[in-house]
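See below for the structure under consideration.
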Amino acid sequence: MGAPKQKWTSEEEAALKAGVLKHGAGKWRTILKDPEFSSVLYLRSNVDLKDKWRNMSVMANGWGSREKASDEDSGDVRPLQSSSGSPQVGASKRSMIRLDNLIMEAINNLKEHGGSNKTTIGTYIEEQYWAPPNFKRLLSMKLKFLTATGKLVKTKRKYKIASANASSSDKKRVSTMLRLEGRHKGSSPKVDKDEINVPTKAQIDLELQKMRSMTPQEAAAAAAQAVAEAEAAIAEAEEAAREAEAAEADAEAAQAFAEAAMKTLKGRTTQRMMIRA
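Residue numbers 6 to 282, in this note's numbering, belong to the letters of the sequence shown in order.
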């Protein structure tokens, strides 16, 4: 039998927060060895730090933790305050359960040289939060989407957060996807009408007549232009399909994480009611 758990003091919580800010989440042994924090956290193990940080993150973000918090800890932890002084738990459900936010958090906190691979990112999220059964598929789709939109940079199967100075190709790709998104929402009927131009029979006959009178060089140039336009249309359609697929994956992830978070919150409410009774 080990020694009974001691409640966390405000000094210990402050030291833990400062340690995570300095070394990053998951660097528990490093934090305990740091002379700046070891004098305060000398009674705590790396497992204690991991569990406490998870509980604090749960209360701050409204997510379900991977492991149930003990009754003692759940009564001790308070929601972390935002800069405005109000608890972040009151934020909208959608903002709390976006998978892309968790991916950015994982990459930022892991601070791995050259970026983090999909397995490392997934493990971090699974350790910190409840994950749905189809989490790996959703993670793969979301990583592809964030890379396609220029928010992440993929190099040798590792992902890094893109710098503020995105390349011109990334900006062009993002603007294209935004334009496609606006078209799906029907924001500009005039643009849709102009771009979706279905030729009439008379126009087709006129084009055929022009082609008959063309020289071989002119016909080859016209054919090359037609092929280029067809390829551009196909690429644009593929972009739209990828956008729709990523949006569907985002919706599925949001729903799954919301259900997991609600189950955890309901379980805690039931536990507290039983304890109070």
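A virtual CB, placed ideally from N, CA and C, is assigned to each residue, including glycine.
In this text the structure is predicted, and so the values were computed from the model without any measurement.
**Prompt:** In chain order, what residues of the same chain have a beta carbon less than 8 Å from the beta carbon of Asn-122, not counting five sequence neighbours either side?
**Reply:** Arg-162, Lys-163, Tyr-164
**Prompt:** Straight-line CA distance for Gln-11 to Glu-131?
**Reply:** 27 Å
**Message:** Once the 5 residues before and after Val-158 are set aside, which same chain residues still bring their CB inside 6 Å of it?
**Reply:** Lys-165, Ala-167
**Message:** Can you confirm whether the region 242–262 touches the region 108–124 when touching is taken to mean that 3 or more C-beta pairs between the two stretches lie within less than 8 Å?
**Reply:** no
**Asked** CA-CA distance, Asn-113 and Glu-241?
**Response** 32 Å
**Request:** Return the Cβ separation of Tyr-134 and Leu-107 in integer angstroms, given the expectation that the two are a contact with Cβ distance under 8 Å.
**Result:** 7 Å
**Prompt:** Buried or exposed: where does Asn-60 fall if 16 or more other Cβ atoms within 10 Å of its Cβ makes it buried?
**Reply:** buried
**Request:** Output the distance between the C-alpha atoms of Phe-42 and Ala-249, rounded to the nearest integer angstrom.
**Result:** 48 Å
**Prompt:** Which residue from Lys-22, Lys-32, Asp-210 puts its Cα closest to that of Val-45?
**Reply:** Lys-22
**Prompt:** By the 10 Å Cβ neighbour count, where 16 or more other Cβ atoms means buried, how is Ala-225 classified, buried or exposed?
**Reply:** exposed
**Asked** On the premise that Trp-33 lies in contact with Leu-54, defined as a C-beta separation below 8 Å, what is that separation, rounded to the nearest angstrom?
**Response** 4 Å
**Request:** Identify, in the order they occur along the chain, each residue of the same chain with its Cβ nearer than 6 Å to the Cβ of Gly-24, setting aside the five sequence neighbours on each side.
**Result:** Ile-36, Phe-42
**Request:** Using the Cα positions of Glu-234 and Lys-215, report the straight-line distance between them to the nearest angstrom.
**Result:** 19 Å
**Message:** How far does the beta strand (DSSP E) with Thr-160 in it extend, from its first residue to its last?
**Reply:** 157–160
**Asked** Between the C-alpha atoms of Tyr-129 and Gln-222, what's the straight-line distance to the nearest angstrom?
**Response** 60 Å
**Request:** Whole angstroms is fine: what's the gap from Glu-186's alpha carbon to Ala-261's?
**Result:** Its pLDDT being 49, under 50, Glu-186 is placed unreliably in this model, and the coordinates cannot settle the point.
**Prompt:** Below 7 Å between beta carbons: does that hold for Lys-141 and Leu-104?
**Reply:** no
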